Amino acid sequence: MKKSRFGPWIAVTIGILYFLLPLLATFEFSLKMKRGIYSFEAYRVVLADPHFQASFTYSTVMALLTIVLGILIIVPTVYWVQLRLPHLRPIIEFITLLPLVIPAIVLVFGYLRMYNSSSWLPLTGSAETTNILLLFAYVTLALPYIYRAVDTGMRAIDVRTLTEAAESLGASSWTILIKIVLPNVRVAVLSGAFLTFAIVIGEFTIASLLDRPVFGTYLQLMGANRAYEPSALAIIAFAVTWAAMVLMQVVGRDRRAAKPAH
Amino acid sequence: MAYLELKSIKKSFGLTQVVKSFDLAVDKGEFVSFLGPSGCGKTTVLRMIAGFETASSGTIEVDGQEISHLPPAKRKIGMVFQAYALFPNMTVAQNVGFGLKLAGIPAEETRVRVAEMLEMIKLPHLGDRYPYQLSGGQQQRVALARALAVRPKILLLDEPLSALDAKIRVSLREEIRALQREMGITTIFVTHDQEEALSISDRIVVMHEGIADQIGTPFEIYNTPKTKFAASFVGTLNLLEATVVDPGLSRLSIDGHEVTSTSPITAPVGAKCTVALRPEAVVIGPAHSSDRNQMVGTAEEISFLGAVVRVRVRFGDHAVSIDTFNDPNTPPPLRGTHVAVTFRREDLLVLESSGTNPPAGAATARRHEMA
Amino acid sequence: MSATIDQASLPPISVRSNPLTIARLGVLPFFIFAGLFLIIPTLYLVVGAFQDQDGNLTLNNLAHIFSNEKILEAYWISIKISLASAIGGAVLGFFVAHAIVMGGLPGWLRPAITTFSGVASNFAGVPLAFAFIATIGPQGLITIFLRNGIDVGGEHLALDLRAAGFNILSFWGLTLTYLYFQIPLMVLILTPALDGLKREWREATATLGGSAVDFWRYVGLPVLWPSLMGATLLLFANSFGAIATAYALTGSSLNIITIQLYAQIRGDVLHDQNLGYALALGMIIITGGSNAIYIWLRHRSERWLR
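Residue numbers (this note's numbering), protein chains in the order written: chain A, 253 to 514; chain B, 92 to 462; chain C, 309 to 614.
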């Protein structure tokens, strides 16, 4: 059965054009800062901007902390649910999907009212505690992604048998979790981590309303006040997202490659 | 005039030749099995008959009409797949009636035919169930009914039993055969299970590396395999290496024992050849007549299988498995004891090497012999 | 969290004797966290939507939404944009996913497009707005290209987008921009679903006399329907709750509900905090409702699935 490949080619070509043209346009625009010639001037200006450096560093640290805290919360939860509390699974799945249902702007609105300086837990009272609140907000946003990655990873290794084998050798529950389960879901955890990184690094809504100096709000500020720098920044942001996604795929491929060796 | 005729069918995927010149003529109402290991090309031939693959060369005719270039939908062929492949979004009745619906048969007529088909597969009350609510065996019966409901010219079965457990496999294959006889439908059945092929078929095509090694009735295939491959794939043959002693008298030497065959030998004196010996053709105990070949060896392993006792006897380089019926009065030999075994000359088969296959004409000729 | 740490320091005997207890303590941090930073803040707004400023029960906030035309219009524009970008994303995404899964295209295209979709579906927010300004904004590459036009067979073809009524700071501008992440998201969701369509179903349809159209009509689309529906509703919620792109693109000039709420949170422009809660409640109802519809549809059409 020879099929006509005309239709599929059209679909793919339109798809590719839709995604490449804006990138090309942005890149081209970012090179036009110096009148009459193409140059990387916009990139030089941006990279030299202390606000860029500060906000990018802030967001990177925030993303890393989000990943660590997210894993600390999710890994034990998934482990115990798979091992002993399977009846909790539907509830936990439902909860972890909520951040995809409740818009971030609604969530942060709730935080601002619940944790304001006159509340029982005044997290927005100082810069330090607001940082913590932002971190928690990001962990919340990342819940669906980290949960799904870890859950899939742990289902693939049959935690129950691993745990029983380790228990029969005299290992305690926490030893099993840290020394056996975690290393075995490392790949799954990493792929969730890269996705989280890509999401957190450019987040705007929550940080803006909590007034934290993240990369996203810096981008917005530049967009409102400059002409060529935003394009350069968009390309940089795209490169970061790209890197995170490619790393995620590379990690995933390693897992597949390593499988027959088990 | 054969009903289904495949003439010099060849198929290559890229540089790999999957089917190398395949000829077959099937009579109307005949049940033919393609038997062979995975990758032997049997499924590819089946898919070419169905129209899912296009032959690189050769023709396929059904009832005198060339169908090689018809799309699958126009070929009037019923197919049952290994993995059931029932449409999950339709009930059993909807699945069975789907082909009729596509053909534009009126709803009332469809309903009646579906009821008939469900009656025929002995699932008359399950019409409203969804496939996931059925067992594997039930699903496969529904798949069979779905394929047969449109009264196809040819029924193709692609390993339909291999996803089922052993018990259902046997009962369903008997059911398939009974239905096939009842409807008189020409059927091609692909399997890698020799027992299945032997029990169900009118004729078997033993396939190996893209060619038909041998085509014949189950009786012929089992008792007189033509090639080393056919011999090794069908049954639990003992394959031994022998040296030609006297081609004229068909005398051979196996591990120092001189034996006689009734097969003609073309190889010269001193040449090596492969011989086959069925486990059930060998008898334990010394020969009572000089017609029988005798060899002496050591009982190496005794497996009690119930009605049958399988004894492995070693002669130098070779070991031979021997099947004898269990006899409460005669216990099997003890491990390590010397035993004499005998077999008839006719039972020692001298095989062609598997590398050279019989010419295609020979296989077709065989069919006419039996017809 | 301290409870779990205490548990860890207990001797192993008691751990073994109470596997359920330790398991429950192990999942406790998750529930505490989800409660404090996901569920309670949301419920806080929901409850607030039914209270006046003194905490008395009232329906006035909701009534205000329906009497305030600007708010109603904001909801309506948001719904329109989300629907357009979700349905557009679903249709185009379906064709791309179909092309790479069963289009018979070269093998390397599929991983390339999947990776790209992973990137593009996460490339939202502020940078996306910049990219589209550089593309179809007033000075964008495509805008200028179309305005300059091309000569085809002696005839000069040109299109002035602005004169034609197109403005990036509009419904269509935002929809086009949102499609940039909606289409790839759909591709990512649908690719495994299309993989799940067994080749045998197609072949069985063919042997029963059915065409490719018959296959899609009676088998393919009915089987895919829950995934398609689910993905479309996810796309809907995805753009309904989005703000960063719109905000960076249009400032506060485009009247969509997230920008309204943003302004309300920032400056309490409505001078009524509880009305803000009602705005949020409206959003939760719409995104939550679309998910509830999805679950219901899925339940109905998946009778035949395990």
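The beta-carbon is built from N, C-alpha and C at its ideal position, and this holds for glycine as well.
This one's a predicted model, so the numbers in the text were calculated from it and none came from an experiment.
Sequence-distant residues of its chain with Cβ nearer than 6 Å to residue i (five each side left out)
i: Ala556 of chain C; result: Val434 and Ala437
i: Ser394 of chain B; result: Arg401
i: Gly448 of chain C; result: Ala442
i: His372 of chain C; result: Leu583
i: Gly155 of chain B; result: none
i: Ala451 of chain B; result: Bear in mind that the predicted position of Ala451 of chain B carries a pLDDT of just 37, short of 50, making it unreliable; the figure below should be weighed with that in mind. Same-chain partners within the cutoff: Asp114.
i: Val330 of chain A; result: Val402, Asp403 and Met406
i: Ser317 of chain C; result: With a pLDDT of only 46 at Ser317 of chain C, under the threshold of 50, the placement of this residue in the model should not be trusted; the figure read from the coordinates follows. Excluding positions up to five away in sequence, the list is empty.
i: Glu286 of chain B; result: none
Contact under 8 Å by Cβ, residue i with residue j
i: Ile444 of chain C; j: Asn563 of chain C; result: no
i: Met170 of chain B; j: Ile151 of chain B; result: no
i: Cys131 of chain B; j: Gly301 of chain B; result: yes
i: Thr566 of chain C; j: Ala545 of chain C; result: no
i: Gln229 of chain B; j: Leu247 of chain B; result: no
i: Pro492 of chain C; j: Ser560 of chain C; result: no
i: Glu332 of chain B; j: Val281 of chain B; result: no
i: Phe467 of chain A; j: Gly475 of chain A; result: no
i: Leu289 of chain B; j: Pro309 of chain B; result: yes
i: Pro163 of chain B; j: Thr540 of chain C; result: no
i: Leu439 of chain B; j: Val366 of chain B; result: yes
i: Ala394 of chain A; j: Ile458 of chain A; result: no
i: Phe291 of chain C; j: Ile476 of chain C; result: Residue 291 of chain C lies beyond the range of chain C shown here (309 to 614); nothing can be said about it.
Spatial neighbours of residue i in its chain, beta-carbon cut-off 8 Å, leaving aside the 5 residues before and after
i: Asn417 of chain B; result: Phe395, Gly397, Ala398, Val399 and Val400
i: Ile356 of chain B; result: Val335, Pro338, Ser341, Leu343, Cys364 and Val441
i: Thr422 of chain C; result: Ile408, Val495, Leu496 and Thr499
Beta-carbon proximity list for residue i, same chain, < 7 Å, skipping 5 on both sides
i: Arg220 of chain B; result: Thr182 and Val183
i: Gln173 of chain B; result: Asp249, Glu250, Pro251, Ser253 and Ala254
i: Ala410 of chain B; result: Glu391, Arg403 and Val404
i: Tyr383 of chain C; result: Ile565 and Gly590
i: Thr278 of chain A; result: Ser483, Ala486 and Ile487
Inter-residue Cα distance where the pair is residue i and residue j
i: Thr519 of chain A; j: Leu462 of chain A; result: Lying before the first or after the last residue shown, residue 519 of chain A is absent from chain A, which here runs from 253 to 514.
i: Ser585 of chain C; j: Ala357 of chain C; result: Per the sequence presented here, residue 585 of chain C reads as Tyr, with Ser not at that position. Near 5 Å, if we compare the C-alpha coordinates of Ala357 of chain C and Tyr585 of chain C.
i: Leu542 of chain C; j: Ile458 of chain C; result: 40 Å
i: Leu471 of chain A; j: Ile487 of chain A; result: 12 Å
i: Ala491 of chain A; j: Leu349 of chain A; result: 28 Å
i: Pro179 of chain B; j: Ile395 of chain C; result: 26 Å
i: Thr448 of chain A; j: Pro215 of chain B; result: 54 Å
i: Arg272 of chain B; j: Gly528 of chain C; result: 35 Å
i: Ser354 of chain B; j: Phe324 of chain B; result: 20 Å
i: His607 of chain C; j: Lys506 of chain C; result: 22 Å
i: Leu421 of chain A; j: Ile430 of chain A; result: 15 Å
i: Thr315 of chain B; j: Val432 of chain B; result: 21 Å
i: Leu599 of chain A; j: Gly190 of chain B; result: This structure cannot speak to residue 599 of chain A, because chain A is shown only from 253 to 514.
i: Thr376 of chain A; j: Ala432 of chain C; result: 27 Å
i: Ile279 of chain B; j: Ile245 of chain B; result: 8 Å
i: Val411 of chain A; j: Thr329 of chain C; result: 18 Å
i: Val121 of chain B; j: Gly307 of chain B; result: Checking the sequence, you will find Glu at residue 121 of chain B rather than Val. About 13 Å.
i: Ala554 of chain C; j: Ser425 of chain A; result: 49 Å
i: Ile375 of chain B; j: Glu96 of chain B; result: 47 Å
*the segment 465–485 of chain A: positions lying closer than 8 Å to chain C by Cβ*: Gly468, Leu471, Gln472, Gly475, Ala476, Pro482, Ser483 and Leu485
- Message: In chain order, what are the residue ranges of uninterrupted alpha helix (DSSP H) at least 4 long that sit wholly in the segment 227–285 of chain B?
- Response: 227–240 and 257–274
For this session: Any chance you could list the alpha helix (DSSP H) runs of at least 4 consecutive residues sitting entirely within the segment 540–579 of chain C, in chain order?
Result: 552–558 and 565–575
Of all the beta strand (DSSP E) runs that stay within the bounds of the segment 137–164 of chain B, which reach a length of 3 or more residues?
-> 148–153
In the segment 509–521 of chain C, which residues sit with their C-beta less than 7 Å from some C-beta in chain B, listed in chain order? Trp509, Glu511, Ala512, Ala514, Thr515, Leu516, Gly517, Gly518 and Ser519
- [ ] For the segment 277–302 of chain A, enumerate the residues whose C-beta is nearer than 7 Å to any C-beta of chain C, in chain order.
- [x] Ala277, Thr278, Glu280 and Phe281
Problem set entry | Residues from the segment 525–545 of chain C in contact with chain B, defined by Cβ distance under 9 Å | Tyr526, Val527, Pro530, Val531 and Trp533
Review point. Can you give, in chain order, each stretch of the alpha helix (DSSP H) that sits fully within the segment 416–474 of chain C and has at least 4 residues?
Key: 417–430, 434–444 and 449–456
- Check each residue of the segment 403–432 of chain A: if its Cβ is closer than 7 Å to any Cβ of chain C, include it; give the result in chain order. Ser424, Ser425 and Trp426
query = Using a beta-carbon distance cut-off of less than 7 Å, what residues from the segment 192–207 of chain B approach chain C?
reply = Leu193 and Ala194
Would you list, in sequence order, the uninterrupted beta strand (DSSP E) runs of no fewer than 3 residues that lie entirely inside the segment 299–375 of chain B?
Listed in chain order, they are 302–307, 329–337, 342–345, 348–351 and 363–368.
**Where the segment 452–475 of chain C meets chain A: residues whose CB sits under 8 Å from a CB there** = none
- request: Using a Cβ-Cβ cut-off of less than 9 Å, give me the residues of the segment 361–390 of chain A that come near chain C, in sequence order.
  value: Phe361, Gly362, Tyr363, Leu364, Arg365, Met366, Tyr367, Leu373, Leu385, Phe388 and Ala389
With 7 Å as the C-beta to C-beta threshold (strictly closer), list the residues of the segment 167–188 of chain B near chain C in chain order. Ile168, Gly169, Met170, Phe172, Ala174, Ala176, Phe178, Pro179 and Asn180
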